[in-house]
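I have placed the structure first, in the form of structure tokens, so that the comments after it can refer back to it.
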Amino acid sequence: MPSMTTRKARWRAPSVLPGFGLTFGFSLAWLSLIVLIPLSTLFLKSAGMGWQAFVDVGFSERALTAYRLSFGTAIAAAFVNAVFGLLVAWVLVRYEFPGKRVISALVDLPFALPTAVAGIALTALYAPSGWVGQYLDPLGIKVAFTPIGITVALVFIGLPFVVRSVEPVLADLGKDVEEAAATLGASRAQTFARVIFPAILPALFTGFALAFARGVGEYGSVIFISGNMPGRTEIAPLLIVTQLEQYNYNGATAIAMVMMLVSFAVLFTLNALQSIRRRRLGA
Amino acid sequence: MIRVQNITKRFGNYPALHGIDLEIQPGEFIALLGPSGSGKTTLLRIIAGLEFQDEGQVYFNGDDVSDIPVGKRNVGFVFQQYALFRHMTVADNIAFGLTVRKARRRPAKAEIKARAEELLRVVQLEGLGQRYPGQLSGGQRQRVALARALAIEPGLLLLDEPFGALDAKVRKDLRRWLRDLHKQMGLTSIFVTHDQEEALELADRVVVMDHGRIDQIGTPEQVYMEPATAFVSHFVGETNRLPDGRHIRPHDFEITATGSDRVIVDNVFRKGGSWRVEGRLTETDTIVEIDVDAHEAPPTIGETVTIAARRARTFSSAGDR
Amino acid sequence: MKRQSPSTESSTESRTAQILLIALALAFLAFFLMLPLIAVFSEALKQGLAPFLDAVSNPDALSAIRLTLIIAAISVPLNMVFGLAASWAITKFSFPGKNLLLTLIDLPFSVSPVVSGLIFVLLFGAQGLLGPWLSAHGLKIIFAVPGIILATVFITFPFVARELIPLMMEQGKDDEEAALSLGASGWQTFWHVTLPNIRWGLLYGVLLCNARAMGEFGAVSVVSGHIRGETNTMPLHVEILYNEYDFVGAFAVASLLAALALVTLVLKTVLEWRFDLHSGARH
């Protein structure tokens, strides 16, 4: 008797490899338990507050100031990182120099160093009496306890995102396109501006966006150096913590919701841009 | 005996195979020949049990194996990129199929070792058992993959583009070696290739596939001399297609004063043991290729000659895809 | 006289320009990465070895170290199992909705650490959705160790999966199919073929996951309640000591975390080096 004249249509392509049900089921269950259900409470709580209450706390004067500070410093830091991250990536990919491997490893330090440690270290450096601060203070430049200090901390946190995004693309680009440009008579500056830069721009943008997204939500490395003065150096994540400490769960939820929506918007734009790029490059 | 009956396979909306029927006798060496996208690899993987058909059955010696998983079909499969386990030595790779057996069916350690040694000898890699796949050349890796597949004493050997990843010289040597090995062992074998030369040289019978269908099954002589469709005629060997629908191989033309078609000669060069003459039919400007025996004097470029066909084929439009 | 070939001039920078760019990049890295790292150790040892040793052997410090190790010992294996399951399901099978699943796995990366803590407070806190039920049954999650573990698992959720998915995608499923065709069972295939193929990538992911699990500050800070000797992890202990102006103590504990970061970076570099060797042998 023929065992299988027609196979039932299934929602996934059939495979000889075993374990799909087990691994997929476990992944989905774990994802729901740890990520999706907890995150959905944020939406639930926001929805339960009512629109007016949400706007009142989520867009209060104090909250708006905190958003401005968080987004402003995150953008500034991401710009600094875009410039210097590109420089570091360029130097690491293109040039040979002693200690390159150590330097390359060091770039990941912000990924590995706990943020609180970075926070107190930067504060020790940039406080008016600190190693660096003592030279800046007489010049009237205050870093710690000002938005500049926050930016410094976010530069520290965001640097590896830019370097690690740009590096593989730059390495992949190969010297041949530059040599091709040179044989066609382009100057070095023209080659960089018209051949290399456009090729790495998407990766640079990815790095920028990742550094920015990380910077907006960053807490540990910032709270020590920022001074936490409401209305001046109070970042949005700190405002959430303050609300929580005052048992104002609605306030914390509304601010968190606003921040998360902005983060998702950034993430979504990023994915969209990347898929456009992939389609154009035919990869 | 292997029997494939009415196999149909779709990938999403893309039909990969339509109603394939095929019978293979014990000890035969079969080539599945076709261009990429013809469904040949899919068919091989369905026979192995690595892919599942949507419709139809596969029988091994009269038993329907359609629901038998690959590990229990007792087939040796040689992957195109070999799929050697690179963290295992060559000997461990070869022994893998024996060591993963349940204790009840697993040979003793010494026996497994002896078997691996013997297979290393068969594939002429004595003394390389302790190397890692990464330390071997492409041709050597290929033979390890073959030895690994043979270790489980398969009833059927399946090879997916066995020479695809090798360079021309190694390819040729390995081809000859594989043919001899098949003669010695007499193991029923099917291999997939897109190289007609390989198929004609190695196989007892060639299965020519195109667009998920079998165009022709026959001996190398049959598919070359009596192609069933226009596709086979063009894919196996070279063929001129004349405006009147005749298909003529270059060596089936002769240049003769009594010929009916006039050709202007554009180019003449030596190709292997004969002259290759390229020209255009004066009436229709169709490009034709003509082989002239190397011992004869070829025409000169610019000359107009008349040609005749010693042998020509026409195909019904149904087969003329 | 040395002949200057024209192509060296046009397809790379002059040696002087190279040195300048290298110097600029190194100066930036020294200032933003090296200096904070040095500051941690130097502040910790400012008053000699004895106060440093006192600070790290203090009972509260020891209990913080113990808790940090426990947290990592629980959350890292959980995410390792998840990472293996998710990457098996995603890379070895094709099914619709795969891209959505990938995006969801990455979700914790785009959520501020503070928000990550907040969602668990909203779910399990006294005012939270399940709060009344939990307190009725005498269970405590927020301001207790389970909450810290949950927040840590959330924060480190994507690490292992993100390392494994691209690696296993690239390796394809030929090896697994070969093993199955030779008669191996699903588990045998996984243990003898898949796991050895991905061991370095797995180790790499576990390493990064561990560094983050031990160093997480924001999320843990929100759910921990900062109870000394009970729910204080090392980063939280650093904060407490710092806010009490016990700078030597804070930097002493911080230096342990910085040492952990350095060990992570060294191991990471070694693994990357091994990776290169492997991909070299493969192609």
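Residue numbers (our numbering), protein chains in the order written: chain R, 1 to 283; chain E, 1001 to 1321; chain X, 2001 to 2283.
We treat Cβ as the ideally placed atom computed from N, Cα and C, and that holds for glycine.
On a predicted model such as this, the values are computed, not experimentally measured, just so you know.
Asked: Listed in chain order, which residues of the region 23 to 35 of chain R have Cβ atoms closer than 7 angstroms to some Cβ of chain X?; Found: T23, F24, F26, S27, W30, L31, I34 and V35
Asked: Could you spell out where the beta strand (DSSP E) holding D1376/E opens and where it closes?; Found: Outside the displayed span of chain E (1001 to 1321) sits residue 1376/E, for which this structure offers no information.
Asked: For L1295/E, which residues in chain X fall below 8 angstroms Cβ to Cβ?; Found: Sequence check: residue 1295/E is His here, not Leu. Those do not exist, as H1295/E stays about 48 angstroms from chain X at its closest Cβ, beyond 8 angstroms.
Asked: On a Cα-Cα basis, can you pick out the residue from F1269/E, A1309/E and Q1140/E that is closest to D1244/E?; Found: A1309/E
Asked: Using only the alpha-carbon positions, how far apart do L2167/X and F145/R sit?; Found: 44 angstroms
Asked: Which same chain residues, not among the five before or five after H1182/E, have their C-beta less than 7 angstroms away from its C-beta?; Found: F1029 and S1189
Asked: Cβ closer than 7 angstroms: which chain E residues qualify as neighbours of V88/R?; Found: Those do not exist, as V88/R stays about 33 angstroms from chain E at its closest Cβ, beyond 7 angstroms.
Asked: Under 7 angstroms, CB to CB, which of the residues in the region 1045 to 1056 of chain E have a partner in chain R?; Found: G1049, L1050, F1052, D1054 and E1055
Asked: For A2089/X, go through chain R and note every residue whose CB falls closer than 7 angstroms to its CB, in chain order.; Found: F20, T23, F24 and S27
Asked: Can you pull out the residues from the region 43 to 76 of chain R whose beta carbon lies closer than 9 angstroms to at least one beta carbon of chain X?; Found: L44 and K45
Asked: Could you check whether the Cβ of A2254/X sits closer than 9 angstroms to any Cβ belonging to chain R?; Found: yes
Asked: Going along the chain, which residues of the region 1015 to 1035 of chain E sit with their C-beta nearer than 7 angstroms to a C-beta in chain R?; Found: none
Asked: Measuring alpha carbon to alpha carbon, tell me which of G2048/X, N2210/X, L2020/X and A2050/X ends up nearest L2069/X.; Found: N2210/X
Asked: Alpha carbon to alpha carbon, how far is S2226/X from G251/R?; Found: Position check: residue 2226/X holds His in this sequence, whereas Ser was assumed. In a straight line, the C-alpha of H2226/X is about 22 angstroms away from that of G251/R.
Asked: Let me know if V2121/X comes out buried or exposed under the rule of 16 or more other beta-carbons within 10 Å of its beta-carbon.; Found: buried
Asked: Tell me which same chain residues have a C-beta within less than 6 angstroms of the C-beta of G2183/X, skipping the five on either side of it?; Found: none
Asked: Run through DSSP, which three-state label would K45/R get?; Found: helix
Asked: Would you mind listing the alpha helix (DSSP H) stretches within the region 1227 to 1266 of chain E that are 4+ residues and don't spill past its ends, in chain order?; Found: 1230 to 1235
Asked: Along the alpha helix (DSSP H) that carries K142/R, what are the first and last residues, could you check?; Found: No alpha helix (DSSP H) contains K142/R, which DSSP labels as neither H nor E.
Asked: Looking at chain X, which residues of the region 1140 to 1152 of chain E have a Cβ within less than 9 angstroms of any of its Cβ atoms?; Found: A1145, R1148, A1149, A1151 and I1152
Asked: Throw me the rounded Cβ distance for the G58/R and V2115/X pair, which I believe falls under 8 angstroms.; Found: No, G58/R and V2115/X are not in contact; Cβ-Cβ is about 13 angstroms, not under 8 angstroms.
Asked: Report the residue ranges of all alpha helix (DSSP H) runs contained in full by the region 69 to 106 of chain R; include only those spanning at least 4 residues, in chain order.; Found: 100 to 106
Asked: Using only CA atoms, which one of D1215/E, R1171/E, H1247/E and I1007/E lies nearest to S1137/E?; Found: R1171/E
Asked: For V91/R versus F97/R, is the C-beta distance shorter than 9 angstroms?; Found: yes
Asked: List, in chain order, every chain X residue whose beta-carbon is nearer than 9 angstroms to that of G1218/E.; Found: The contacting residues do not exist; G1218/E stays about 29 angstroms from chain X at best.
Asked: Going along the chain, which residues of the region 1071 to 1093 of chain E sit with their C-beta nearer than 7 angstroms to a C-beta in chain X?; Found: G1071, V1075, F1077, F1079, Q1081, A1083, F1085, R1086 and H1087
Asked: Chain X partners of G1097/E, CB-CB under 8 angstroms?; Found: L2182, G2183 and A2184
Asked: Quick check: the region 66 to 80 of chain R against the region 232 to 239 of chain R, are at least 3 beta-carbon pairs closer than 8 angstroms?; Found: yes
Asked: List the whole-angstrom C-beta distance separating E1198/E from F1163/E, where the pair is believed to meet the contact cut-off of C-beta under 8 angstroms.; Found: 7 angstroms
Asked: Could you give the distance in angstroms between the alpha-carbon of A2136/X and the alpha-carbon of G215/R?; Found: 40 angstroms
Asked: Would you please verify whether the beta carbon of R1003/E is less than 9 angstroms from any beta carbon of chain R?; Found: no
Asked: CA-CA distance, L2101/X and I240/R?; Found: 29 angstroms
Asked: Would you mind telling me which residues of chain X sit closer than 7 angstroms to R1101/E, beta carbon to beta carbon, in chain order?; Found: G2183
Asked: Kindly indicate the opening and closing residues of the beta strand (DSSP E) around K2098/X.; Found: Note, K2098/X: premise wrong, no beta strand (DSSP E); alpha helix (DSSP H) at K2098 to D2106.
Asked: Can you find at least 3 beta carbon pairs, one from the region 159 to 177 of chain R and one from the region 103 to 114 of chain R, that sit closer than 8 angstroms?; Found: yes
Asked: Can you tell me whether A29/R is buried or exposed, with buried defined as 16 or more other CB within 10 angstroms of its CB?; Found: exposed
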